[in-house]
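See structure below.
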Amino acid sequence: MTPIRRSTWMPRLLTAAAGTALALSLTACGGSDGDKPAGGEKSEAAQTEKGGFGGGAVESEAAESAEAEPTDTKSTDPYADAAKTTNWASDDGMKIDKKGNGTVPASSLEADLVDLFENKLDFTVTKAECATDMDLTEWYGFETCNVTVKDKEAIKGEKTYYGTVKIVDHKEKMVKYELMFPGIDQEDFDFKD
């Protein structure tokens with residue numbers, strides 16, 4: 012009988028058509044055999060089974076999940092509230108040519124930090140240490156340093172401030188440092204250099 016052949020042939024045709032449609036929709040969306048859905052998201056195949064062949068349900072569900080994702084991509088600066096200031100300094104140990112290339116010895120940076128912390132911030136410095144000499148390239152240089160000061164309220168009677176020193180300007184043999192030290196009140200760093 013012809014109707015029996017037709018009934019077994021139709022489901023196979025629909026299954027093949029559904030598989031082809033699914034493969035084409037995955038290819039159109041950039042999917043491939045190796046692609047896996049991101050964490051928590053359903054694959055298009057799972058969404059198609061839920062929403063049917065129409066595709067409208069898949070598109071609306073995808074649009075809803077895209078809208079639910081957070082859109083705030085601003086990065087926050089962990090040092091935004093760190094105290095910053097500038098200070099001019101000069102030292103015979105600095106070897107800098109006219110193009111701004113050279114070296115500022117760690118000992119020069121440390122001496123300038125001791126001077127700044129003792130004379131402008133009224134701290135008693137026990138030590139100042141910079142990681143290495145600051146290499147300058149076209150008047151740009153950057154170095155990490157720490158300053159340890161006496162502090163009666165601290166457990167060991169000392170407190171260490173970790174910060175950075177960066178060259179931001181120059182004039183003849185003078186260089187202008189920008190200092191950033193989290194943990195110091197900005198009010199204390201607001202002085203004329």
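By my numbering, the letter at position 56 of the sequence shown is numbered 67, and the numbering carries on one by one without gaps.
Virtual Cβ for every residue (Gly too), placed ideally from N, Cα, C.
Just tell me which of the options has its CA closest to the CA of residue i.
i	options	result
Asp-205	Ile-107, Asn-112, Val-136	A question about residue 205 goes unanswered here, because the residues of the chain that appear run from 12 up to 204.
Met-191	Ala-165, Glu-169, Glu-154	Glu-154
Lys-184	Asp-102, Thr-148, Glu-149	Asp-102
Glu-140	Val-158, Asp-180, Gly-152	Val-158
Gly-111	Lys-187, Ile-195, Gln-197, Glu-198	Lys-187
Glu-189	Lys-170, Trp-150, Glu-129, Thr-143	Trp-150
Ile-195	Leu-127, Leu-147, Trp-99	Leu-127
Lys-131	Met-105, Trp-99, Thr-148	Trp-99
Thr-175	Lys-106, Met-105, Gly-104, Ala-117	Ala-117
Looking at the structure shown, is residue i part of a helix, part of a strand, or coil, going by DSSP?
i	result
Asp-144	coil
Leu-132	coil
Asp-199	helix
Ala-94	strand
Ala-139	strand
Ala-165	coil
Asp-126	helix
Glu-121	helix
Asp-180	strand
Using the rule of at least 16 other Cβ atoms within 10 Å of the residue's Cβ for burial, across every protein chain shown, is residue i buried or exposed?
i	result
Ala-94	buried
Met-145	buried
Glu-164	exposed
Ile-178	buried
Gln-58	Any reading at Gln-58 must be qualified, since the residue scores a pLDDT of 49, below 50, and its modelled position is unreliable; the value itself is stated next. Buried is the call here.
Glu-121	buried
Ser-119	buried
Tyr-173	exposed
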